[in-house]
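Everything below concerns the one structure shown next.
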Amino acid sequence: MTDALPPDYAFVTVRTTHLKMRENPVPVAPEAPPSCAIERLIRPPLEEYRALFLAVGGEWGWTGRLLMTDAELAALLDDDRIEIWRLVSGPGSNTQIAGFIELDRRVPGDVEIVYFGLTPEFIGRGLGGFLLRWAIHRSWTSAGPGSDAPTKRLWLHTCDFDSPAALPFYKKAGFQICEETEGPEAYPEAHIAGRKSPSAG
-14 MTDALPPDYA FVTVRTTHLK MRENPVPVAP EAPPSCAIER LIRPPLEEYR ALFLAVGGEW
46 GWTGRLLMTD AELAALLDDD RIEIWRLVSG PGSNTQIAGF IELDRRVPGD VEIVYFGLTP
106 EFIGRGLGGF LLRWAIHRSW TSAGPGSDAP TKRLWLHTCD FDSPAALPFY KKAGFQICEE
166 TEGPEAYPEA HIAGRKSPSA G
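Mapping to this note's numbering: the sequence shown position 145 is 130, numbers consecutive.
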């Protein structure tokens, strides 16, 4: 990550909730909704990945990958143990990106859902539940490259700056809170100001 924040970013104290599950609640892979499909992105160009990251996370001020240097991000995307999947909707040339999910398998037996979300126009259509169930099923039923270690823990986190629906959504899916932490996180200043505005949200 860059040594210093860009001029339009600032640190803000955020409470983060960590959640985990120890067994698979989705033994059968869910079927994709009509006109939807999940595609894996293997070593995508940096611009394509950042555009996908912003399309899903821009509304929530996601910065984790935007503050990485090109070299850092390229090294991450070149690692086969990092799986990037996007949800697309629509036929042929009318296909639209509906969401994406990123899985980290770098610790044997451990899978982290690092990023998960839908693009704003697809929120509220029931696609989030499908995508999360699909990711849960994959995390438990397929091992990472070069490893036959079975998954022993699936985990993720959410924070104050995410959608207020995120935490109950994850708990309903079978995740249990295991830890809460508080500390400084970098966000765009405009996003911070928007959250403080009386008219925001």
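Glycine is no exception: its CB is placed at the ideal position from the N, C-alpha and C atoms.
Just so you know, these numbers come straight off a predicted model, no measurement behind them.
Collapsed DSSP secondary structure at residue i in the structure displayed
| i | result |
| --- | --- |
| F146 | coil |
| L31 | helix |
| L22 | Residue identity differs from the one stated: residue 22 is Ala in this sequence, not Leu. Residue state, collapsed to three classes: strand. |
| R50 | coil |
| A36 | helix |
| A158 | coil |
First through last residue of the alpha helix (DSSP H) which encompasses residue i
| i | result |
| --- | --- |
| A171 | First-last for A171: Q161 to P173, but that is the beta strand (DSSP E), not the alpha helix (DSSP H). |
| L62 | D55 to L62 |
Distance CB(residue i)-CB(residue j) smaller than 8 Å
| i | j | result |
| --- | --- | --- |
| I82 | T104 | yes |
| H176 | G46 | yes |
| I69 | E97 | no |
| L117 | F101 | yes |
| W119 | I23 | yes |
| D(-7) | P173 | yes |
| V41 | F146 | no |
| L62 | R91 | no |
| V(-3) | P169 | yes |
| L58 | R50 | yes |
| I121 | A151 | no |
Sequence-distant residues of its chain with Cβ nearer than 7 Å to residue i (five each side left out)
| i | result |
| --- | --- |
| Q161 | L4, K5 and M6 |
| A185 | Its pLDDT being 41, under 50, A185 is placed unreliably in this model, and the coordinates cannot settle the point. |
| L37 | R71, I82 and F85 |
| S195 | Summary: the structure shown does not reach residue 195, with the chain confined to residues -14 through 186, and so no result is reported for it. |
| P76 | S20 |
Run of the beta strand (DSSP E) containing residue i, from where it starts to where it stops
| i | result |
| --- | --- |
| L72 | I67 to S74 |
Same chain, Cβ closer than 8 Å to residue i, neighbours up to 5 away in sequence not counted
| i | result |
| --- | --- |
| K137 | R7, G94 and D95 |
| C21 | L72, V73, S74, A83, L112 and F115 |
| P183 | Note that P183 scores 47 on pLDDT, short of 50, meaning its location in the model is unreliable; the coordinates nonetheless yield the value given after this. None. |
| E44 | P105 |
| T80 | V73 and S74 |
Contact set for residue i: own chain, Cβ-Cβ below 6 Å, skip 5 residues either direction
| i | result |
| --- | --- |
| V155 | As written in the sequence, residue 155 is Tyr, which differs from the Val given in the question. Same-chain partners within the cutoff: L4. |
| L(-10) | A171 |
| T1 | H142, C144 and T166 |
| V99 | E87 and D89 |
The ligand MG heavy atom lying under 7 Å from the CB of residue i
| i | result |
| --- | --- |
| D64 | Questions concerning the ligand MG fall outside what the structure shown contains, since it holds no ligand whatsoever. |
### Task
Pick out the complete beta strand (DSSP E) segments inside the region 81 to 154, 3 residues or longer, and give them in chain order.
81 to 89, 95 to 103 and 138 to 144
(request) With a floor of 3 residues, list each beta strand (DSSP E) that falls wholly inside the region -13 to 20, ordered by position along the chain. (result) -6 to 6
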